[in-house]
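Using numbering that gives the first Met the number 0, you'd call the opening residue of the sequence shown number 0 and step up by one each time.
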Amino acid sequence: MNVLVINCGSSSLKYQVIDSVTEKVEAKGLCERIGIDGVFSYQPAGGDKEESEKPMPTHNEAVSYVIEALTNKDTGVLNSLDEIDCVGHRIVHGGVNLTHSYIIDEDVIKEIEGCSDLAPLHNPAHILGIRACQKLMPNTPMVVVFDTAFQQTMPPKAYLYAIPYKYFEEDKVRKYGFHGTSHMFVSSRALELMGNPEHSKLIVCHLGNGASVSCEVDGKCMENSMGLTPLDGLVMGTRCGDIDPSVVEFLCKKRGYSVEEVLKIFNKESGVLAVSDGMSDFRDIADAASKGNDRAQLALDMFAYRVAKYIGSYAAAMNGVDAICFTAGIGENNGMIRGMICDYLTFLGLELDSEANKVIGEEKLVSTANSSIKVYVIPTNEELAIARETVALIK
Ligand code: ADP
């Protein structure tokens, strides 16, 4: 089966075509600046990347260009639209009711619309993408896969906030956790690597520009460091993560900011960007730190310290941990930062293999044979996870 995987933002649309049998990416690309001027890119497997400006007033034009490129007789990977067997859409927020993946129908779309207030930047954009695909491929089955679904197994003691219960019951205020598709993909791969033991306790660190930690008991998610929104938890590229909510009121009063302004600061102007005084890319920060830049070093220290604190608390929450997995941009590519995090955990008997830990972007066991906890680097693949879910449901 050919699965078209769509990840739609308000002004962008990422796509991949994946062969569900070989699990190879046949083509991929990105539509950017939708509603502005429109930039389109397309790359078939083994071929050159093409990029051009194309007018995209709405997501409809973006999806048309995707189909046009995929079926182009010179560079396309499909003969016709009919060769797209199904479409998998990534959706950020499924609220409390959308607890797994679904075949799309009007009821599901209504539910996604219904939790737009929980993800105002994302869910309305996802619906635009779904509608655009439905218009051009009315007979192709489509599936939605939620970033919040994998965390639906968290117990109430983990997902409830200790505030009056009516805000949970009436307003659905609770921890949802995010990056679920990645945590699901990486934790199930780790279990495969461990020989699918009957009982297991895992911690997955998804460390990218957005970053989160999760823990899984017997493959089921028990915790995720993100909260009602993806602002919570770790220190991230531009997000502050955990913070005393009173800071909001304090800054509003002291500086005359609105709540929206403070949240914009927390989301876009904080994290390692703020600590390092201007760098959000961890490659730049690591480079500056190695040249003696104190603020860059502090940003790395704060980042690693927070990750280690989460790992420690999740090890306590599960009363043990068998394996820790690192994934996403930083987790897959930077052994130095993995090392800084693991240095906090030697008291648990964790021992990193410094040679193996030099690995970049590849699956590898990076702990020693004597280590009490296995440490894996496992590249994430959210698109493949979405394609698998899509095919499983369609079949
Ligand atoms: P997102 O999908 O949230 O944008 P990614 O998983 O693509 O995030 O990760 C992006 C981050 O990974 C960037 O901050 C980038 O600097 C970091 N990254 C990529 N390669 C390296 C590396 N070799 N060392 C440190 N950080 C890296």
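Here a beta-carbon is modelled for each residue, glycine too, at the ideal position from N, C-alpha and C. No experiment lies behind these values; they were computed from the predicted model shown.
By the criterion of a C-beta distance shorter than 7 Å, Pro229 is surrounded in its chain by Phe177, Gly209, once the five residues flanking it on both sides are discounted. In this structure, Ala285 has its beta carbon less than 7 Å from a heavy atom of the ligand ADP.
Taking Asp352 as reference, the option from Gly277, Asn369, Arg282 with the minimal CA-CA separation is Asn369.
According to DSSP, residue pairing for Met141 in a beta bridge involves Val86. Cβ-Cβ distances below 6 Å link His121 to Val91 in the same chain, with the five nearest sequence neighbours on each side left out; the list follows chain order.
With three or more CB-CB distances shorter than 8 Å, the region 132-144 counts as touching the region 71-89. Cβ-Cβ distances below 7 Å link Arg188 to Ile377 in the same chain, with the five nearest sequence neighbours on each side left out; the list follows chain order. With a threshold of 16 other beta carbon atoms within 10 Å, Arg305 meets it and is buried.
Cα atoms of Arg238 and Ile329: separation of roughly 16 Å, rounded to the nearest angstrom.
Here the C-alpha atom of Ser63 lies approximately 12 Å from the C-alpha atom of Arg130. DSSP, reduced to helix, strand and coil, places Asn333 outside both helices and strands of the structure shown, so it counts as coil.
Within the DSSP bridge table, the entry for Cys204 names Val212, Phe325 as partners. For Ser269, the closest C-alpha among the options Ser100, Gly236, Thr70, Gln150 is that of Gly236. The beta carbons of Gly232 and Ser224 sit about 3 Å from each other, so the pair counts as a contact at 8 Å. Not one heavy atom of the ligand ADP falls within 7 Å of the beta-carbon of Ile340. For the pair His198 and Val216, the Cα-to-Cα distance works out to about 7 Å. Comparing C-alpha distances from Cys30 to each of Leu12, Glu388, Thr74 shows the shortest one belongs to Leu12.
Relative to the ligand ADP, the beta carbon of Asp300 is positioned no closer than 7 Å to any heavy atom. Rounded to the nearest whole angstrom, the C-alpha separation of Tyr101 and Thr389 is 8 Å. Secondary structure at Asp18: strand, using DSSP grouped into helix, strand and coil. With fewer than 16 other CB atoms across the displayed protein chains lying within 10 angstroms of its CB, His99 is exposed. Of the other Cβ atoms in all chains shown, fewer than 16 fall within 10 Å of the Cβ of Pro54; this residue is therefore exposed. In the DSSP annotation of this structure, Asn356 is not part of any beta strand (DSSP E), being labelled neither H nor E.
Considered as a whole, the region 116-204 harbours 141-145 as its complete beta strand (DSSP E) runs of no fewer than 3 residues, in chain order.
DSSP links Ser40 through a beta bridge to Leu29, Glu50. Any heavy atom of the ligand ADP within less than 6 Å of a residue's beta carbon puts that residue on the list, which reads Gly207, Asn208, Gly209, Gly236, Asp280, Phe281, Arg282, Ala285, Ala327, Gly328, Ile329, Asn332, Asn333. In the three-state reduction of the DSSP assignment, Ser11 falls in the coil class, being assigned neither a helical nor a strand state. Looking at the backbone, the Cα of Ile310 and that of Ile202 are separated by about 7 Å. Going by DSSP, Asn223 is part of the beta strand (DSSP E) stretching over 219-223. For Val271, the enclosing alpha helix (DSSP H) starts and ends at 270-274.
As DSSP reads the structure, Lys373 sits in a beta bridge with Ala322. Proximity of the region 104-111 to the region 69-83 falls short of the contact definition, fewer than three beta-carbon pairs being nearer than 8 Å. By the Cβ neighbour-count rule, Val271 is buried, with 16 or more other Cβ atoms within 10 Å of its own. Residues Leu120, Ala124 of the same chain have their beta carbon placed closer than 7 Å to that of Ser9, with the five preceding and five following residues left out of the count.
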